[in-house]
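Sequence positions in the sequence shown follow this note's numbering and run 1 to 303.
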Amino acid sequence: MTTAAIFNIQRFSIHDGPGIRTTVFFKGCPLRCLWCANPESRKTVPEPLYMKKKCAGCGTCISACPEHALQFSEGTVIRDPRICKNCLRCAEACPVEAMTVQGKTWDLEALLAEVKKDKDFYDSSGGGVTLSGGEPLLQHRFVNEFLQALREEGIHSTMETSGFQKPEIFAEVLKNLDFLYIDCKHPDSEIHRQLTGQPNEPVLQNIAQAVRAGIPMEVRIPVIPGCNDSEETARRFSEVLLSAGVREVQLLPFHQLGKAKWEGMFMPYALEEAKALRNEDLTDFAACLEKGGLSVLVGSAAG
Ligand code: SF4
Ligand code: SF4
């Protein structure tokens, strides 16, 4: 039976596509974006996540760790990643869910039953189910079966993706998808690699493929200060996206909402100094893209 690693299922979402939606967050991602809002989604395996704000300071997790990988430092729990064996006992022991297990295996039948609970809301609002992550395309076999099942149930599907996957695999996924959000994070492949750990050629190929397939879609640019927000970068975005057949982009202003989770995964947060952006901060950048020939929507939050 095909199964998937999923780290969150969010009901009654109103920002992940049309109408009222259930958003399914797939765990595992081939990219390592510096600004990632869900760093707990990087690996497919379940992992502990520590949220300092919820911690009661009881020390139960520290006693539960067989490897002695945890300790208190300045009132907060810290973990030594060199020692941690990812056994999850700390998260299972925490009495207040400050340390939690991120990631669970779902089979198709159970996931379908879960998302069907809100079918009445989808039907009355023009909503449906959104596949997000992490990167849903990493678990494409399950995703294909899930999308097919949603279509058979008459449930609208949307996917939020980095587009980083082989074009032939992406083509299969497009067959059963109703709406696509796909990111373009940097127009220059080498800088894309520096920012995300991967080149951008597969992404641009897949954007062009989706345009040719005629699927309703939105190309999104997460605008990150100092990474991809210069005038020259805007000019290059316009060039590469127009040649991929794109006519309109949505800009997602940078935020630091994922910062606490980086701390909770005990990983250094590279964008500590970067300023969160408001929609109005993107006016000049949007004007450059428009000058380059693209229509621009500004809004929502970068993920
Ligand atoms: S997951 Fe790591 S820190 Fe937590 S109990 Fe296991 S070894 Fe210790
Ligand atoms: S994370 Fe949980 S178990 Fe650990 S000290 Fe905080 S409240 Fe106690």
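Ideal Cβ positions, reconstructed from N, Cα and C, are used throughout, including at glycine. Quantities reported herein were computed from a predicted structural model and do not represent experimental measurements.
Given a length threshold of 4 residues, each whole run of the alpha helix (DSSP H) inside the region 70-140 is given here in chain order: 89-93, 108-116 and 119-125.
CA-CA distance, S230 to C288, rounds to 9 Å. Rounded to whole angstroms, the Cβ separation of E145 and T2 is 6 Å, and the two are in contact under 8 Å. Cβ neighbours of A210 within its own chain (closer than 7 Å, five residues either side excluded): L174, L180, I182 and M217. The region 130-138 makes contact with the region 157-167, as at least three CB pairs between them are under 8 Å. Judged by beta-carbon spacing, V101 lies within the 8 Å limit of A91, meaning their Cβ atoms are closer than that value. I9 has V24 as its beta-bridge partners, per DSSP. Classified as buried, N38 has 16 or more neighbouring CB atoms from the shown chains inside 10 Å of its CB.
Bounds of the beta strand (DSSP E) holding V296 are S295 to V298.
Within the model, the alpha-carbon separation for H15 versus P222 is close to 15 Å. When secondary structure is reduced to three states using DSSP, S230 falls in the coil class, being assigned neither helix nor strand. With 16 or more other CB atoms across the displayed protein chains lying within 10 angstroms of its CB, T23 is buried. Taking a cut-off of 8 Å on C-beta distances, the region 45-55 touches the region 250-264, as three or more cross pairs fall below it.
Bounds of the alpha helix (DSSP H) holding T196 are S189 to T196. Minimum Cα-Cα distance from S73 among the listed residues G59, F12, L34 and E67 corresponds to G59.
By the neighbour-count criterion, in which a residue is buried when 16 or more other Cβ atoms sit within 10 angstroms of its Cβ, S41 is buried. Residue pairing from DSSP places F179 in a beta bridge opposite T158.
Our two residues, S238 and H186, have alpha carbons roughly 11 Å apart in a direct line.
For G59, the CB falls within less than 7 Å of some heavy atom of ligand 2.
Between the alpha carbons of A276 and H192 lies a distance of about 21 Å. Scanning L34, I20 and G19 for the CA closest to the CA of Q256 turns up L34. Note on the region 200-244: whole alpha helix (DSSP H) runs with a minimum of 4 residues are 201-213 and 231-243, in chain order. Remark: C-beta atoms of A56 and K27 do not approach each other more closely than 8 Å. With a threshold of 16 other beta carbon atoms within 10 Å, Q139 meets it and is buried.
Distance between P66 and P81, taken at the CA atoms: about 14 Å. Contact between V240 and L204 holds: CB atoms are separated by about 6 Å, below the 8 Å threshold. Under DSSP, Q250 shares a beta bridge with R220 and L297. Look at L34 here: in three-state DSSP terms it is coil, with no helix or strand label. Sequence-distant Cβ neighbours of D281 in its own chain, meaning closer than 8 Å and more than five residues away, are P253. Counted as a single uninterrupted DSSP element, the alpha helix (DSSP H) harbouring L174 occupies residues P167 to L174.
As the crow flies, the alpha-carbon of T233 is around 11 Å from that of A286. Distances taken from the Cβ of K43 to the heavy atoms of ligand 1 include none shorter than 7 Å.
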